[in-house]
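Colleague:
Residue numbers (my numbering): 546 to 851.
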């Protein structure tokens, strides 16, 4: 029977058998008691009234907090393993706990837990099961609020599992989903992988694509903390200290050579310090004095001879 999708009253009525009737036995085993078997008698006449069952609204995201997923488990293609001569149909009860609050553009953590049921085949560790470091890689599918289509998390096995033995306990896995806008995110169970790497598993369990329980959570706007108001800073005036310094500048002797020739040498007549015109007069006078001296000497010589 398919579980109802909404709350309300469900009525069950018997139908008409179209094949050879078969007996129906119900077994009830109370805790700590003895099992009791009740055999039901087939009736060929359809009852006129049915049985009414009230369906309550479940808690959690999507109606109930569990979902038994019929996984198909097998070793990688091309691998020969006596533990998996054919595929194994393994029933795993999956529980996903979405966050109570979530914001756009922020990671939302989902806790994934799985419990292997006894209704299906056993989950057997393959021959290539790693001696150490074995992990479970759980994938979930997401839609809505800009969330990625799939997200994967990992959990480590804490007990030693030998190849060929049954895997009875699965580790819990934390999976992070990052929605990019406000809205509602819907989550469903995805595939499982076992080994040391999600890309090269030694065992993979494929989830069905339909009939899966959906878990939801709401994504709101990212909360922004108000900026603190700036606190005015009170400054205390500080006295200014004035210092007066006296600096004495000593002139330095210039080593630059200056011309000793005045601009108007003709006006000075000052010998060595006069200009070019004064020297011309001195040379002319010296020549005249020399000529007079020579002339005087010649005249004296003539007078002596005469």
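Even for Gly, the Cβ is constructed at its ideal location relative to N, Cα and C.
Does the distance from the C-beta atom of residue 643 to that of residue 760 stay below 8 angstroms?
Modeller: To locate residue 643, count along the chain shown from 1; it is residue 98. To locate residue 760, count along the chain shown from 1; it is residue 215. Going by C-beta atoms, residue 643 is nearer than 8 angstroms to residue 760.
Colleague: Tell me which residues share the same chain as residue 701 and place their Cβ nearer than 7 angstroms to its Cβ, disregarding the 5 neighbours each side in the sequence.
Modeller: Against the chain shown, residue 701 aligns to sequence position 156. Taken in chain order, the residues that qualify are 680, 716.
Colleague: Assign residue 610 to one of three DSSP states: helix, strand, or coil.
Modeller: In the chain shown, the residue the question calls residue 610 occupies position 65. Unreliable placement is indicated for residue 610, whose pLDDT of 47 sits below 50; the coordinate value is still reported in the next sentence. Residue state, collapsed to three classes: coil.
Colleague: Start and end of the beta strand (DSSP E) containing residue 747?
Modeller: Here residue 747 is taken as the residue at index 202 of the chain shown, counted from 1. Here residue 747 belongs to no beta strand (DSSP E), and DSSP marks it neither H nor E.
Colleague: Mind pulling the beta strand (DSSP E) runs of 3 or more residues that sit fully within the region 647 to 702?
Modeller: With a minimum length of 3 residues, the continuous beta strand (DSSP E) runs that stay inside the region 647 to 702 are 653 to 661, 680 to 688, 695 to 701.
Colleague: Going straight from the alpha carbon of residue 694 to that of residue 757, what length do you get?
Modeller: Counting from one through the chain shown, the residue named residue 694 turns up at place 149. Counting from one through the chain shown, the residue named residue 757 turns up at place 212. The straight-line gap from Cα to Cα measures roughly 15 angstroms.
Colleague: Do residue 635 and residue 616 have their C-beta atoms closer together than 8 angstroms?
Modeller: To locate residue 635, count along the chain shown from 1; it is residue 90. To locate residue 616, count along the chain shown from 1; it is residue 71. Yes, the pair counts as a contact, with Cβ atoms nearer than the cut-off.
Colleague: Determine which residues share a DSSP beta bridge with residue 842 and list them.
Modeller: Position 297 of the chain shown, counted from the first residue, corresponds to residue 842. None; residue 842 has no bridge partner.
Colleague: Do you know how far the Cα of residue 707 is from the Cα of residue 676?
Modeller: Here residue 676 corresponds to residue number 131 of the chain shown, with the count starting at 1. Here residue 707 corresponds to residue number 162 of the chain shown, with the count starting at 1. When rounded, the distance between both Cα atoms is 7 angstroms.
Colleague: Quick one: Cα of residue 746 to Cα of residue 583, how far?
Modeller: Within the chain shown, numbered from 1, the residue matching residue 746 stands at position 201. Within the chain shown, numbered from 1, the residue matching residue 583 stands at position 38. Whole-angstrom Cα-Cα distance: 47 angstroms.
Colleague: Could you tell me which residues DSSP puts in a beta bridge with residue 854?
Modeller: Here the chain comprises residues numbered 546 to 851, so residue 854 is not present and cannot be evaluated.
Colleague: Per DSSP, residue 633 forms a beta bridge with which residues?
Modeller: As a first step, residue 633 is located in the chain shown; it is residue number 88 there, counting from the start. Paired residues: 618.
Colleague: Determine the contact status of residue 688 and residue 765, defining contact as a CB-CB distance below 8 angstroms.
Modeller: Residue numbering aside, residue 688 sits at position 143 when the chain shown is read from its first letter. Residue numbering aside, residue 765 sits at position 220 when the chain shown is read from its first letter. Result no, Cβ atoms of residue 688 and residue 765 do not sit closer than 8 angstroms.
Colleague: Report the CB separation of residue 718 from residue 698 in whole angstroms; it is logged as a contact under 8 angstroms.
Modeller: For the purposes of this step, residue 718 is taken as residue 173 along the chain shown, with counting starting at 1. For the purposes of this step, residue 698 is taken as residue 153 along the chain shown, with counting starting at 1. Correct: roughly 4 angstroms between the Cβ atoms.
Colleague: Ends of the beta strand (DSSP E) at residue 721?
Modeller: Residue numbering aside, residue 721 sits at position 176 when the chain shown is read from its first letter. Taken as a continuous stretch (DSSP letters only), the beta strand (DSSP E) holding residue 721 covers 718 to 722.
Colleague: Compute the beta-carbon to beta-carbon distance between residue 696 and residue 668, rounded to the nearest angstrom, for a pair I have assumed lies under 8 angstroms.
Modeller: Counting from one through the chain shown, the residue named residue 696 turns up at place 151. Counting from one through the chain shown, the residue named residue 668 turns up at place 123. Not quite, the Cβ-Cβ distance comes to about 23 angstroms (not below 8 angstroms), so this is no contact.
Colleague: Rounded to the nearest angstrom, how far is the Cβ of residue 685 from that of residue 637, given a contact under 8 angstroms?
Modeller: Along the chain shown, one-based indexing puts residue 685 at 140. Along the chain shown, one-based indexing puts residue 637 at 92. Going by Cβ atoms, the distance from residue 685 to residue 637 rounds to 13 angstroms, so no, they are not a contact pair.
Colleague: With burial defined as no fewer than 16 other Cβ atoms inside 10 Å of the residue's Cβ, what is the status of residue 826: buried or exposed?
Modeller: Translated into positions along the chain shown, residue 826 becomes position 281. Result: exposed.
Colleague: Rounded to whole angstroms, what's the CA-CA distance from residue 831 to residue 843? Just pull it up for me.
Modeller: In the chain shown, residue 831 corresponds to position 286, counting from 1. In the chain shown, residue 843 corresponds to position 298, counting from 1. Roughly 19 angstroms between the two C-alpha positions.
Colleague: Return helix, strand or coil for residue 754, following the three-state DSSP convention.
Modeller: Numbered from its first residue, the chain shown carries residue 754 at position 209. DSSP places residue 754 in coil when its eight states are reduced to three.
Colleague: Which residues in the same chain as residue 763 place their Cβ atom closer than 6 angstroms to its Cβ, once the five residues preceding and following it in sequence are excluded?
Modeller: Counted from its first residue, the chain shown places residue 763 at position 218. For residue 763, where only same-chain residues beyond five positions count, the Cβ hits under 6 angstroms are 729.
Colleague: Thinking C-alpha only, which one of 726, 845, 720 is nearest residue 690?
Modeller: To locate residue 690, count along the chain shown from 1; it is residue 145. Of 726, 845, 720, the residue nearest in Cα terms is 726.
Colleague: What three-state label does DSSP hand residue 740 in the structure shown?
Modeller: What you label residue 740 is simply residue 195 of the chain shown in a count that begins at 1. Looking at residue 740 - three-state DSSP - the assignment turns out to be strand.
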